[in-house]
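Mapping of the sequence shown onto the UniProt record's numbering: residues 1 to 181, in sequence order.
Just so it is clear, CB atoms sit at the ideal spot from N, CA and C, and this is done for glycine as well.
Working notes for the structure below.
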Amino acid sequence: MSDGWLIAVVGPSGVGKDSVMAGIATRAPGIRPVRRVITRAPDPDGEDHEPMTPDAFSESVARGAFCLHWDAHGLSYGIPAPVLADVRGGANRLANLSRGVLRQAAKVFPRLLVLHITAAPEVLAARLAGRGRESADEIAGRLAQAPRPLPPGLNVVTIVNDGPLDDTVTRALAAIQPVRA
Ligand SMILES: Nc1ncnc2c1ncn2[C@@H]1O[C@H](COP(=O)(O)OP(=O)(O)O)[C@@H](O)[C@H]1O
Ligand SMILES: O=P(O)(O)OC[C@H]1O[C@H](OP(=O)(O)OP(=O)(O)O)[C@H](O)[C@@H]1O
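Pasting the structure below:
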């Protein structure tokens with residue numbers, strides 16, 4: 001069986017990565033989203049992640065429990081090692097990644113497609129305020145990181161999420177069609 005793809009969903013905070021992932025998962029059930037491990041308390045209204053303490057996270061890193069991990073926003077994030085095994089077994093998986101871990105992801109995963117979601121700064125600010133998960137200071141910190149460039153040489157498709165979410169998901173599904181074919 002040939003390798004599957006990791007579709008890495010990246011972009012600034014508040015751009016709609018989790019929302020677009022949920023839309024893709026609903027409309028393309030063959031592409032399963034990754035449940036990330038995060039040192040963040042459970043959030044019934046937000047991303048369904050696996051919460052972990054910082055100590056347990058460090059132990060997990062040490063025993064190779066993650067195929068990718070990184071720190072951002074004062075938190076640690078991990079992609080469980082079985083996701084890589086799954087992709088090597090032919091599955092297509094969808095994961096919300098940091099732009100800072102993409103080079104590493106391209107080395108680790110046999111096939112990587114980057115789905116880069118963008119929107120204007122004022123749209124990001126309004127969405128983060130509306131989401132209500134972070135304080136005003138935390139939102140300012142996230143907006144300061146918004147224009148971060150992607151590393152060169154990757155397989156990237158860029159989708160602007162500035163209109164109805166459903167339209168964005170339709171364009172995202174068309175852009176990842178080669179993966180689904
Ligand atoms: N196209 C859209 N139109 C309106 N609101 C959106 C759209 N996409 C996302 N949102 C909202 O913006 C906020 C941030 O979206 P989220 O998916 O959490 O972004 P990210 O994961 O990139 O930080 C959420 O409240 C979400 O419901
Ligand atoms: O290095 P960057 O590309 O700026 O990304 C930094 C972090 O922001 C996102 O996390 P998270 O989903 O917790 O935050 P968000 O919902 O505010 O984007 C993303 O998944 C990274 O973990």
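Exercise for the section: Within the same chain, show all residues whose beta-carbon is closer than 6 Å to that of G14, passing over the 5 residues directly before and after it, in chain order. Expected result: Against the sequence shown, residue 14 aligns to sequence position 14. Same-chain partners within the cutoff: L124, R127, L128.
Handout entry: Between the CA atoms of T158 and R39 - distance to the nearest angstrom
Key = Your numbering for residue 39 matches position 39 in the sequence shown. Your numbering for residue 158 matches position 158 in the sequence shown. First, the residue type needs correcting, since residue 39 is Thr and not Arg in the sequence shown. Computed Cα separation, rounded: 29 Å.
Practice task
Following the continuous beta strand (DSSP E) through V114, name the residue where it begins and the one where it ends.
Solution key: Taking the first residue of the sequence shown as position 1, residue 114 is located at position 114. Unbroken beta strand (DSSP E) run through V114: 112 to 118.
Exercise for the section: Could you have a look at T39 and say whether DSSP puts it in helix, strand or coil? Expected result: Translated into the one-based positions of the sequence shown, residue 39 becomes position 39. Of the three classes helix, strand and coil, the one that applies to T39 here is coil, per DSSP.
Handout entry: DSSP state of F66 mapped onto helix, strand, coil
Key = The count along the sequence shown starts at 1 and reaches residue 66 at position 66. Strand.
Handout entry: A95 - partner residues in DSSP beta bridges
Key = Looking up residue 95 in the sequence shown gives position 95. A8, per the DSSP bridge assignment.
Exercise for the section: Could you spell out where the alpha helix (DSSP H) holding P76 opens and where it closes? Expected result: Taking the first residue of the sequence shown as position 1, residue 76 is located at position 76. The sequence as given places Ser at residue 76; Pro does not occur at that position. Looking at the DSSP string, S76 is not in any alpha helix (DSSP H); the run it does join, the beta strand (DSSP E), is 75 to 80.
Exercise for the section: Mark S98 as exposed unless 16 or more other C-beta atoms lie within 10 angstroms of its C-beta, in which case mark it buried. Expected result: Locating residue 98 in the sequence shown gives position 98, where the first residue counts as 1. Classification for S98: buried.
Exercise for the section: State the DSSP-derived secondary structure class of R148, mapped to helix, strand or coil. Expected result: As a position in the sequence shown, residue 148 is number 148, starting the count at 1. R148 falls in the coil class under three-state DSSP.
Handout entry: Sequence-distant residues of its chain with Cβ nearer than 7 Å to V20 (five each side left out)
Key = Walking along the sequence shown from the start, residue 20 turns up at place 20. So the qualifying residues of the chain are V9, I117, N161, T168, V169, A172.
Handout entry: A28 - DSSP class collapsed to helix/strand/coil
Key = Here residue 28 corresponds to residue number 28 of the sequence shown, with the count starting at 1. Correct three-state label for A28: coil.
Handout entry: Nearest neighbour of N96, chosen from P44, A120, I24, A175 [CA to CA]
Key = Your numbering for residue 96 matches position 96 in the sequence shown. N96 has its Cα closest to that of I24, out of P44, A120, I24, A175.
Practice task
Report the partner residues of E50 according to the DSSP bridge assignment.
Solution key: In the sequence shown, counting from the first residue as 1, residue 50 sits at position 50. Per DSSP, V37.
Problem - Burial state of V37, where buried means 16 or more other Cβ atoms lie within 10 Å - result: Reading the sequence shown from its first residue, position 37 is the one you call residue 37. When all chains shown are included, V37 counts as buried.
Exercise for the section: May I ask which residues mark the beginning and end of the beta strand (DSSP E) holding V160? Expected result: Here the question's residue 160 lines up with position 160 in the sequence shown. Segment 156 to 160, the beta strand (DSSP E) holding V160.
Problem - Which of helix, strand or coil DSSP assigns to D137 - result: Working through the sequence shown from its first residue, we reach residue 137 at position 137. Of the three classes helix, strand and coil, the one that applies to D137 here is helix, per DSSP.
Practice task
Look at the alpha carbon of L115 and the alpha carbon of D166, and state the distance between them as a whole number of angstroms.
Solution key: To locate residue 115, count along the sequence shown from 1; it is residue 115. To locate residue 166, count along the sequence shown from 1; it is residue 166. Going by the C-alpha atoms only, they are around 16 Å apart.
Handout entry: Reduced DSSP secondary structure (H/G/I, E/B, other) of D86
Key = Numbered from 1 along the sequence shown, position 86 holds the residue referred to as residue 86. D86 falls in the helix class under three-state DSSP.
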